[in-house]
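Heads up: the structure comes next, in structure tokens.
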Amino acid sequence: MMVFPERHFSPFLAACLVFAAFTPATNAADMSVVQRWMSTNSGVRTIKIDFTQTRTMTSMKVPIRQSGSLWLNYGSNQFRWQVGSPPQTIVTKHNGQLYIIRTAMKKYERRSANSGDVPHGLMAMATGFPRSTSEFERKYSVQSIDTAGSTYEIVTQPKGQAGRGVKTFTFILGRDDYRLRGMEIVLSDGSYVKTAFNRVAPNAGIPGNLFTPDITGFTETKF
Amino acid sequence: MTRLHPIIVVTVIGAIAAFCILRVQFSATLYEMLPPDLPEVQGMDRLNRYFSRDGQLIVTVKAEESYLAEEAILSLSAKMEETPHLISEVFRELSLTELVTEGGGLLSWLWMNGSSENLADLESRLSAAGSPVAIGEAMASLQSGFFDQDVIVTSYDPLGFSKIGGLMDGDAGDASGPDPMASSDGTFQVMYVEGAGVDFSNYRDADVWLKKVKALVEEWEHEWIATQGEESAIEIGLTGTPAFMAEVGTEMEKDMTISVVATMLLISLLFWIMHRRTRPLSWLISAMLAILAITILIGGALFGDLSVMSAGFAAILMGLAVDYGIVLYREAMDSGGDAKALRRSVGPGILWAAATTAVVFLSLNLSSLPGLAEMGNLVAMGVVVGALVMLYGFGPVAVSFNKEVVKERSVDLTGKGVTRVSAMVLAVLVPIAAITSMAVKEMPHLEANFHPFRIRESPSMVAWQQLQSELAGRENAVPTVITGDSIEALNRELGNAAERIESAKKSHLLTDYVLPMAFIPRPEQQLKNLEAIESLLKEEARLISELNEAGFSEEGTRLTKAVFAAWKSYLGQLANGELALPTGKLAVWSIDRLFAERDGVYAALATVKPSIPEDREWVAAVCSPNTVVASLGSLGTALNERIGQDILRVFLPMMALLSAMLGLVFRHWKDLLLSLFSLVFTGCLIVLLTIWTPMSWNSFNICGLPLLFGTGLDFSIHMIFALRRSGGDVGAARAGIGKALIFCGTSSAIGFGSLASASAYGLASLGVVCAVGILANMMVAVWLLPRWYRWAHRLSS
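Residue numbers (the working numbering), protein chains in the order written: chain A, 9 to 231; chain B, 28 to 824.
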């Protein structure tokens, strides 16, 4: 009984943001670009990224543009991701739980960070990202590595379940420092989302309560 | 008499036999050979009748990565759509854009056919007060920053028409749950291909069509590798009704041909070893081919299409019919009379032998397996034909050989070999070994989960099993067919079935189930919802306007418009007094998989998942005359139960009757006991083989027991009477009847043994057990029984 195909599209944006934080940049026209990019990970314990996201959907007349931030603490395996100012959507991970909070609606959803019910992108955030070339190759199939002005564009296909409905997943690196500058995801229906990193702050100080936002008065729900 | 060259005779009659074999139509419908009163068999029958499409091929695609699988299935479906003479339609998983185009008709029908309470909720959501909230929530979701399936679906369906989970809660499971067209990781995908241009009810046509499709797939694979590289290789599987039919039908033809040819060759070799003459052999082969041709013609006329089991009859018949020819040949050589004298001399014996053999094979009609009964009928008919052909066809030719003075260089059987001591030791040791083995290792039992008609090395079955394991929610899922003679009756039966199924789940007999309630047309409900739908239609312009204002594009409002357009169409159908049925490719395809009407009977397809598939308690809990399950898991258990009953009901009384008759034949208790002990001894040998070798009993080959019992008695009667005539002279008995028994036993064993390579597991196992059993009977009768006879009658060595 087919109504709509299950898991046809994958929520990669957030995944990519975190991935970016784990993997600050590289350079070259072959896999050595990826290797150089991965090598920039060393010594990064925490990171904060401010980004601008532009999503263009065939079903919407105009693109939706939003700004947001991502904080990661590798040591405690926690993160916080939010968009909008003031934040409209917040996702945090702590104590093995994912909290998806919609502030305007005063609602939140709680999911196990390891549960099979977790959407793919969130799962990627919850379980971590590749920090080595071999891990990268396990998760992504590289289609091409192109030069575009001052950047490299690593065009990939996510492997496994994460790749369903994703036409291409492009990482954009600076040619000078091999650090991630942004990414672009194109879905099979033609919709796409571009994310540009405005500011990346490795080893930034992160307040402990950032990962446990106050949800007093919020209603638990299932989005 | 004009002499015909043997090669010409064999060639002409062989060609006629081959022509007859090629004209045979086999039935590829395997469940027709099973007991028709079992709910599992009825389930398969109804599943096939209502929900199977003869020309619908299932194509499976397996790739290393999901994107490769998606690209491959798109590319392959495009290739297939280029051949309309071969493929009329391809149905694969739709992209979101396609779903938006196609899905409106189905969604609107589901709402209209669903409960009024759910429709009221939708009315509330789409009301002037509710729609801004719904659109606001949709926009919040779009702006949330996530970019997943839910967000994309929401962007095309901001008013939530596709949120039909609530519509079906409690009655149909989650229709938006497991994807029926792809594995959860996306590396395995399925598409349905509707064949064109041939009659798919004919397996030969289906086979020709399938070969063309395979060629097309191979061509595509070459193109794919050329463009994508070796590392992107795709594994393609073809399954579904046309693949199964083509495979089963052609395998049966192959089985019959191979077993007949192998039997002919081996019997010829045996004849050559024992008689070293070619002319009689060529006529003997010709007679056997003629018997085969006549039997096939008569069998085809009487029974129509032959089943997979009947493919084995030809070889068995060859092995039995050749014995009559040998008796005639030996008698002609010894007596030197004419054909009439020959018939007078051995004709009665041959006819009685044929009659008793026919009765033994006809006794298979007492089995619960119609497939086995059909094979028994064919062999029975064939041995009668064989006796007549040999007497009136081969007999006159055989007498001409007695004029040819050729000294035969045949094998010599003397009284040497097995001594009395060794025969007595074996008489004690073998039963003890059998009893000990049963106590120490295992008791003889029927194989669990044995499906006698399953075809081995079946690519379509491999593809089907892969499909079952890859698609989520398909493990242990059992199709359940509910029928009714009207839509109202069907809905009523569905309700009753739902209660039983729910109760079975509460009793932990089932782990899960899916009922197709929402997909079965409900005329009363549709009329009940009429007013609400009319009310919703009035809101269309306002809702579209609100969506436009919120920023949704033409694409973003397409699904909403499609839903309203479909509602208008359905209202038109209802206004004309018709039942509203969904329109659109997706809707028709989805509904056809769960609801069907044939010849005035309406059927619905549900799915249940038993906790223990092999168990039958859940079958009893779920089934009724109008609710049956196509369960392969419990079918093996059901067959074992049924055959166990058959053995008690048929075989044991038959043994008692034959033993009484044996007493009358021998009129001597020692000979009676010797004959019965020979059977017991052979039984012990077979038990040892089933315990210590891979040979095993199952619901099919156990039915060979009457055949083994019959041949065992036959052999022992012949040998004991020969010993009586010779005064216990072992050498004389072996040189005479012993030689005949060796030829008959070996030829019969060859006939059965040639089935060992048969495609159907049941037929192959029957062939092996019968071949081994007949050889054991023969060896016991020729080598051991004479020594036991002398011991029992206190004859000195």
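Don't be surprised by glycine CBs; every beta carbon is placed ideally from N, CA and C.
Remember, it's a predicted structure, so these values are computed and weren't measured experimentally.
Count the other CB atoms within 10 Å of the CB of residue i; is the residue buried (16 or more) or exposed (fewer)?
{"i": "K766(B)", "result": "buried"}
{"i": "I35(B)", "result": "exposed"}
{"i": "I459(B)", "result": "exposed"}
{"i": "T203(A)", "result": "buried"}
{"i": "S158(A)", "result": "exposed"}
{"i": "V655(B)", "result": "buried"}
{"i": "M470(B)", "result": "exposed"}
{"i": "T322(B)", "result": "buried"}
{"i": "N217(A)", "result": "exposed"}
{"i": "H302(B)", "result": "buried"}
{"i": "H535(B)", "result": "exposed"}
{"i": "D361(B)", "result": "exposed"}
{"i": "N404(B)", "result": "buried"}
{"i": "I162(A)", "result": "buried"}
{"i": "D222(A)", "result": "exposed"}
Suppose you measure from the CA of residue i to the CA of residue j; what does that come to, to the nearest Å?
{"i": "A99(B)", "j": "Y219(B)", "result": "14 Å"}
{"i": "S617(B)", "j": "G409(B)", "result": "50 Å"}
{"i": "Y39(A)", "j": "V174(A)", "result": "The sequence as given places Met at residue 39(A); Tyr does not occur at that position. Using only the alpha carbons, I get a separation of about 22 Å."}
{"i": "Q553(B)", "j": "M139(B)", "result": "6 Å"}
{"i": "K230(A)", "j": "A791(B)", "result": "57 Å"}
{"i": "V240(B)", "j": "P63(B)", "result": "34 Å"}
{"i": "A105(B)", "j": "W251(B)", "result": "13 Å"}
{"i": "Y3(A)", "j": "T220(A)", "result": "Absent from the structure is residue 3(A), since the part of chain A shown begins at 9 and ends at 231."}
{"i": "P166(A)", "j": "S182(B)", "result": "23 Å"}
{"i": "T224(A)", "j": "Q105(A)", "result": "17 Å"}
{"i": "F770(B)", "j": "F622(B)", "result": "59 Å"}
{"i": "L181(A)", "j": "R44(A)", "result": "10 Å"}
{"i": "S278(A)", "j": "Q151(A)", "result": "Any question about residue 278(A) goes unanswered here, given that chain A covers just 9 to 231."}
{"i": "F215(B)", "j": "P486(B)", "result": "17 Å"}
{"i": "G346(B)", "j": "T87(B)", "result": "43 Å"}
{"i": "P269(B)", "j": "A657(B)", "result": "19 Å"}
Any beta carbon from chain B within less than 8 Å of residue i's own beta carbon?
{"i": "K69(A)", "result": "yes"}
{"i": "D58(A)", "result": "no"}
{"i": "S140(A)", "result": "no"}
{"i": "K167(A)", "result": "yes"}
{"i": "M113(A)", "result": "yes"}
{"i": "Q43(A)", "result": "no"}
{"i": "L195(A)", "result": "yes"}
{"i": "T64(A)", "result": "no"}
{"i": "I72(A)", "result": "yes"}
{"i": "T5(A)", "result": "As shown, chain A starts at 9 and ends at 231. That puts residue 5(A) outside it, with no answer to give."}
{"i": "S120(A)", "result": "no"}
Please decide whether residue i counts as near chain A, where near means a Cβ-Cβ distance under 8 Å.
{"i": "S580(B)", "result": "yes"}
{"i": "I777(B)", "result": "no"}
{"i": "I509(B)", "result": "no"}
{"i": "S54(B)", "result": "no"}
{"i": "A167(B)", "result": "yes"}
{"i": "Q170(B)", "result": "yes"}
{"i": "E92(B)", "result": "yes"}
{"i": "I252(B)", "result": "no"}
Which same chain residues, not among the five before or five after residue i, have their C-beta less than 6 Å away from its C-beta?
{"i": "G737(B)", "result": "V387"}
{"i": "G200(B)", "result": "Because G200(B) carries a pLDDT of 38, less than 50, the predicted location of this residue cannot be relied on, and the following value inherits that uncertainty. Here the set comprises V541."}
Excluding the 5 residues preceding and the 5 following residue i in the sequence, name in chain order all residues of the same chain whose CB lies nearer than 7 Å to its CB.
{"i": "E116(B)", "result": "E221"}
{"i": "F421(B)", "result": "W310, L311, A314, G352, L355"}
{"i": "R76(B)", "result": "R625"}
{"i": "S50(A)", "result": "none"}
{"i": "K367(B)", "result": "none"}
{"i": "V373(B)", "result": "V354, L355, E358"}
Suppose the cutoff is 8 Å on Cβ atoms and the five residues either side in sequence are ignored; what does the same chain contact list for residue i look like?
{"i": "A382(B)", "result": "V411"}
{"i": "L570(B)", "result": "L153, S158, L186, T587"}
Whole alpha helix (DSSP H) runs in the segment 443-531 of chain B with 4 or more residues, listed along the chain? 447-467, 486-497
Which parts of the segment 331-387 of chain B are runs of the alpha helix (DSSP H), unbroken and 4 residues or longer, counting only runs that do not cross its ends? 340-362
Curious, which full-length alpha helix (DSSP H) runs of at least 4 residues does the segment 560-645 of chain B contain? 567-577, 581-602, 612-619
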